[in-house]
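Residue numbers (this note's numbering), protein chains in the order written: chain A, 1 to 232; chain B, 233 to 459. Take a look at the structure below.
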C-alpha cells in the first residue's frame, strides 16, 4: 500500500513495477517490472504454467497483485482465455450489451466490427452456435468496441483456422499502425512474431528478459527462450 | 455518475431478462415447482383438522420463497459460464449499477412467478384474494424486495463455490426467516379481512429489513465480486 505509484510519461500506456502474485504458497508472478509504450507490441512467451494468463489478468485488473503496482494509461480492451460472452444472446446482442457498458453501442460501430471480423452474416446467430474461431473473432470485436489505446490478449490465435488467423493478424497490425499498444501472451509464436516490437520471456512467473525483437524469427526466439530456461 | 449507474443497471437487467425469456430455464422450473408445492400442501392437509385459511399463508410464502430461489441461483451462474462477469468488471461502470441491475432483473423474474402463483394459490386453497389484493401485493412487494436483494448478493458470493446451487438456500434461509414470518403474519390477517393497519409492527419490521438489506448489499457487492 505504501509503494510509490510510478509517474507515467505520456507515451507509456502500461507500467508495471515489482509485481508479485501468489496463490496460497505458490508464487506465480515474481517481481515483474515492465513498461509498454504507445505503439509497441509486446509478445510474452512462456510455456504452459509460466504465468502468462495470470499476468494478463493482473494487467487487466481482474486479479489483485500480492504486491507491486500495475498502472494503465487510457482505455484498454481484453481478449482473454474465456470468451466472456452470453451463449444465449446473438453476436450483435452481446456486442450491444458490452458496447453499452463502454459507451460505444452505436449500430454503425457494431456493424463495422462485425464486418472486419468477418461475422456480418452471423450477427443474428446465438453465440452458442459459433465455432471456437468465430467466438475468438467476436471476442476481438468486443475488445475493440471502444477503440482502446491498449489491448491485452491471452492466446488470441488458439483455435483459429488460417483465414481467421489472418483476420486477427490484420486487426492487430492495424492497431499497431495507429499507435495503439498491444500486450500479447502466446506460445504460438510464428503467427505473431512479425507484429512484435518487443518480446518478454516468462519463465516460472519471472520475466527472464525483456528485449527488442531485433528482426529475430520465431525459431530464434524459441532458442533464446530455451537458453534462458536452461540458465535458470 | 447517476446516469451511468442507471444505464448500467438497466442494461444488466434487460440482458438478464432477455436471456431468461429466450431460455426460460429458471422460469419453467420455478412455475413447475410452485404448482407442485401448492398441490402438496393442498393434498397433504387433513381438512377436518386444518382449515384452508390456517395453512394458506404459510403455503403461499413457502411457494414464493423456494420458487424464487431457483431464479436467484441462476442470476450469477450465467455470468460465470464463460466468465462474462469479467468483461463487465474490466469496464469503468459502477459496480453498484451491476448489482442494481441484477436485483432489478431478479425482482422482475420473481414478480412474474408470484403473479402466476397467486391465482393458482387462490384456486387451490379457495381463499378470497380479490378484496385484500392491493394490500397483499404491497406486502408481497416488501418481502420480495428483502429476499431478492439479499439473495442476489449471496448468489454472487456462492457462484464460485463448488456447490453453488446448494449453498445459496443454506445461506439465504436464515436471512429470510424474519421477513417471511412477517409476511406470513400479515397475509394471514389480510385473508381474514383484517385491515392492514392492524399489522403496523410487522410492516415496520418488513420496511426495516428492506432498508437494511438493500443498504448492506449495496455496500458489500463490490467486495463480493473482487477476486
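Beta carbons are placed, not taken as given, at the ideal position from N, Cα and C, and that holds for glycine.
May I ask you to list, following chain order, the residues of the segment 100-120 of chain A that have a beta carbon less than 7 Å from some beta carbon of chain B? 100, 101 and 102
What does residue 15(A) touch in chain C if you count any residue whose Cβ is under 8 Å from its own? The chain inventory of the structure shown lacks chain C, comprising the protein chains A and B.
The segment 9-28 of chain A / the segment 154-169 of chain A touching (three or more Cβ pairs under 8 Å): no
Would a check of beta-carbon distances place residue 177(A) closer than 9 Å to chain B? no
Three-pair Cβ contact test at 8 Å for the segment 36-53 of chain A versus the segment 172-186 of chain A: yes
So which of 200(A), 162(A) and 144(A) has the shortest CA-CA distance to residue 174(A)? 144(A)
Helix, strand or coil for residue 287(B), going by three-state DSSP, please let me know. helix
Note down, in chain order, every chain B residue with its Cβ under 8 Å from the Cβ of residue 87(A). 313 and 314
What are the partner residues of residue 182(A), as DSSP defines its beta bridges? 41(A) and 151(A)
Distance between beta carbons of residue 407(B) and residue 418(B), contact taken as under 8 Å: The pair is not a contact, with the Cβ atoms about 19 Å apart (cut-off 8 Å).
Between the alpha carbons of residue 286(B) and residue 420(B), how many angstroms are there, rounded? 8 Å
Which full runs of the beta strand (DSSP E) of 3+ residues lie inside the segment 106-180 of chain A, going along the chain? 150-154
Run through chain B and tell me which residues come within less than 8 Å of residue 241(A), C-beta to C-beta. With chain A running from 1 to 232 in the structure shown, residue 241(A) is simply not present.
Excluding the five sequence neighbours on either side, which residues of its own chain have a C-beta within less than 8 Å of the C-beta of residue 447(B), listed in chain order? none
Assuming residue 335(B) and residue 384(B) form a contact by the criterion Cβ under 8 Å, report the distance between their Cβ atoms to the nearest whole angstrom. 5 Å
Interface partners of residue 243(B) on chain A, CB under 8 Å: 97, 100 and 101
Euclidean distance between Cα positions of residue 262(B) and residue 62(A): 34 Å
Would you say residue 325(B) lies against chain A (beta-carbon separation less than 9 Å)? yes
Can you look up residue 453(B) in the DSSP assignment and give me helix, strand or coil? helix
Enumerate, from N- to C-terminal direction, the unbroken alpha helix (DSSP H) stretches of 4 or more residues contained entirely within the segment 26-108 of chain A. 52-60 and 91-102
Starting from residue 240(B), find everything on chain A with Cβ-Cβ shorter than 9 Å and list it in chain order. 100 and 101
Continuous beta strand (DSSP E) stretch holding residue 362(B): start and end: Taken as a continuous stretch (DSSP letters only), residue 362(B) belongs to no beta strand (DSSP E), as it is neither H nor E.
Sub-9 Å separation of residue 153(A) and residue 51(A) beta-carbons: no
Pair within 9 Å by beta-carbon distance, residue 307(B) and residue 337(B): yes
Neighbouring residues, chain B, relative to residue 60(A) (Cβ below 7 Å): 322
Going by DSSP, which residues form a beta bridge with residue 209(A)? 201(A)
Status (buried if at least 16 other CB within 10 Å, exposed otherwise) for residue 194(A): exposed
Closest Cβ-Cβ distance between residue 336(B) and chain A: below 9 Å? no
Within chain A, partners of residue 254(B) - CB distance below 9 Å: 88, 89 and 126
Using DSSP with H/G/I as helix, E/B as strand and the rest coil, what is residue 305(B)? helix
Inspect the CB distances between the segment 376-391 of chain B and the segment 327-334 of chain B and report whether three or more fall short of 8 Å. yes
Using a 10 Å radius around the Cβ and a threshold of 16 neighbouring Cβ atoms, would you call residue 360(B) buried or exposed? exposed
Classify residue 86(A): buried if its beta carbon has 16 or more other beta carbons within 10 angstroms, exposed otherwise. buried
Simplified DSSP state of residue 18(A), which is helix, strand or coil: strand
So, is the C-beta of residue 413(B) closer than 9 Å to a C-beta in chain A? no
Spell out whether any CB of chain B is found under 9 Å from the CB atom of residue 93(A). yes
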